[in-house]
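Visitor:
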Amino acid sequence: MTYSKLVQDYFKKWELAPIRLIAQTRTSEIIEVEASNQIYILKVLNEIGRSSERNSPFVLESWNGNGAVKLIKHSDSALLLEKLLEPNLYELSKNGEEDKASSIFIGIIKKIHSVRIDSLSGKLPKLDSIFRYFEKTPEDMESKEIFLKAHKIGEQLLKSTKREVVLHGDLHHENVLQRISGEYVCFDPKGYIGDPCYEIATILKNPWDYPDISENEQICLDRARSFSESLDLSYERIIAFSFVHMCLSVLWSKVGGVGNYQHQLKIASFLSKHVKEGYCD
Numbered sequence: 358m359t360y361s362k363l364v365q366d367y368f369k370k371w372e373l374a375p376i377r378l379i380a381q382t383r384t385s386e387i388i389e390v391e392a393s394n395q396i397y398i399l400k401v402l403n404e405i406g407r408s409s410e411r412n413s414p415f416v417l418e419s420w421n422g423n424g425a426v427k428l429i430k431h432s433d434s435a436l437l438l439e440k441l442l443e444p445n446l447y448e449l450s451k452n453g454e455e456d457k458a459s460s461i462f463i464g465i466i467k468k469i470h471s472v473r474i475d476s477l478s479g480k481l482p483k484l485d486s487i488f489r490y491f492e493k494t495p496e497d498m499e500s501k502e503i504f505l506k507a508h509k510i511g512e513q514l515l516k517s518t519k520r521e522v523v524l525h526g527d528l529h530h531e532n533v534l535q536r537i538s539g540e541y542v543c544f545d546p547k548g549y550i551g552d553p554c555y556e557i558a559t560i561l562k563n564p565w566d567y568p569d570i571s572e573n574e575q576i577c578l579d580r581a582r583s584f585s586e587s588l589d590l591s592y593e594r595i596i597a598f599s600f601v602h603m604c605l606s607v608l609w610s611k612v613g614g615v616g617n618y619q620h621q622l623k624i625a626s627f628l629s630k631h632v633k634e635g636y637c638d
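Going by this note's numbering, the sequence shown opens with residue 358, and the numbers climb by one from there.
#1: From S385 to H431, what does the alpha carbon distance come to, in whole angstroms?
#2: I want to know whether the segment 592 to 606 touches the segment 538 to 549 - three or more CB-CB distances under 8 Å.
#3: Grab me the residues of T518's own chain with a C-beta within less than 6 Å of its C-beta, minus the 5 sequence neighbours each way, in chain order.
#4: List the endpoints of the continuous beta strand (DSSP E) containing G635.
#5: From I560, L578, I596, E439, pick the residue whose C-alpha is nearest to that of G511; which is it?
#6: Near A558, what residues of its chain come up, given a Cβ to Cβ distance below 7 Å and the 5 sequence neighbours on each side ignored?
#7: Which value, in whole angstroms, describes the spacing of the CA atoms of V401 and E389?
#8: Return yes when the Cβ of W420 is within less than 7 Å of the Cβ of I469, no when it is not.
#9: Sorted by chain position, which residues of the same chain lie with C-beta nearer than 8 Å to A374's C-beta, five sequence neighbours on each side aside?
#10: Within a Cβ cutoff of 8 Å, which residues of the same chain sit near S413, ignoring the five residues on either side of it in sequence?
#11: Under a three-way DSSP split, which group does V615 fall into?
Structure (structure tokens):
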């Protein structure tokens with residue numbers, strides 16, 4: 358296997374021996390490596406990754422392995438991480454064990470949301486930085502009235518937020534694996550400061566490959582209720598943040614020209630029925 362010069366530079370700089378290429382994504386090269394008789398994961402970022410994942414090291418350092426993958430060392434272009442084991446939580450969805458997946462998410466969220474945000478003040482963006490994307494809603498947008506509503510609801514949610522935490526920002530089934538000890542932890546955080554209710558939105562958008570779960574209105578509402586009760590979070594705000602996130606996800610796909618957005622639009626459409634303007638003030 359021939360690796361890029363940048364990857365080879367990190368092999369030398371961090372005294373790593375390559376074992377195998379795990380994946381090559383639009384943002385990075387992910388390689389299993391060995392150092393001092395220990396197995397690690399080296400993630401080397403390309404230009405896209407250096408932009409989209411620039412907050413990840415700050416977040417992982419603040420969590421210090423508490424509910425999240427342990428960061429060994431990092432630079433602007435690379436992260437050395439503890440080795441995690443497959444499968445991800447899609448395996449539970451496939452086997453009809455979504456309740457177990459939810460229980461795992463709940464355990465992780467309790468850990469990562471317990472970390473104080475003081476040290477990250479000024480380093481991480483707040484949720485309003487992504488909610489401003491509603492300003493890019495195309496004039497000819499399908500179901501435009503839903504997006505106008507989501508924009509207004511999003512503003513109300515931001516103004517009425519009473520508690521902020523360090524958010525993963527992209528927590529879902531594929532971003533959770535197991536440690537060798539068997540403990541489930543998350544990885545690949547986007548990193549925001551904001552209302553803890555937002556964390557549930559990306560989970561409810563998934564499992565993406567199992568629409569009989571993620572696109573089922575009653576199952577979605579039941580899952581939201583379970584997260585609300587277990588995490589002592591407002592059910593209404595979870596639903597509202599989820600509605601806003603689904604609409605944002607549609608816009609990111611539509612405006613960015615990346616992928617099909619009918620999945621998110623379907624969820625946004627039924628969640629819209631359960632969200633009323635003003636109730637979350």
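Idealized CB from N, CA, C, for every residue including glycine.
Guide: Let's see:
#1: Here residue 385 is taken as the residue at index 28 of the sequence shown, counted from 1. Here residue 431 is taken as the residue at index 74 of the sequence shown, counted from 1. Roughly 14 Å separates the two Cα atoms.
#2: no
#3: Here residue 518 corresponds to residue number 161 of the sequence shown, with the count starting at 1. For T518, where only same-chain residues beyond five positions count, the Cβ hits under 6 Å are D552.
#4: Indexing the sequence shown from 1 puts residue 635 at position 278. Unbroken run through G635: none, as it is neither H nor E.
#5: Here residue 511 is taken as the residue at index 154 of the sequence shown, counted from 1. That would be I596, whose Cα lies nearest to the Cα of G511.
#6: Position 201 of the sequence shown, counted from the start, is the residue given in the question as residue 558. Within the same chain, A558 has close Cβ partners F598, S599, H602.
#7: Here residue 401 refers to the residue found at position 44 when the sequence shown is read from its first residue. Here residue 389 refers to the residue found at position 32 when the sequence shown is read from its first residue. If you take the alpha carbons of V401 and E389, they lie about 11 Å apart.
#8: Here residue 469 corresponds to residue number 112 of the sequence shown, with the count starting at 1. Here residue 420 corresponds to residue number 63 of the sequence shown, with the count starting at 1. Taking 7 Å as the Cβ cut-off, I469 and W420 qualify as a contacting pair.
#9: Here residue 374 corresponds to residue number 17 of the sequence shown, with the count starting at 1. Closer than 8 Å at the Cβ level, and outside the excluded window around A374, lie F368, V390, E391, A392.
#10: Counting from 1 along the sequence shown, the entry for residue 413 is found at position 56. L436, D545, P546, K547, G548.
#11: For the purposes of this step, residue 615 is taken as residue 258 along the sequence shown, with counting starting at 1. In the structure shown, V615 sits in coil (DSSP, three-state: anything other than H, G, I, E or B).
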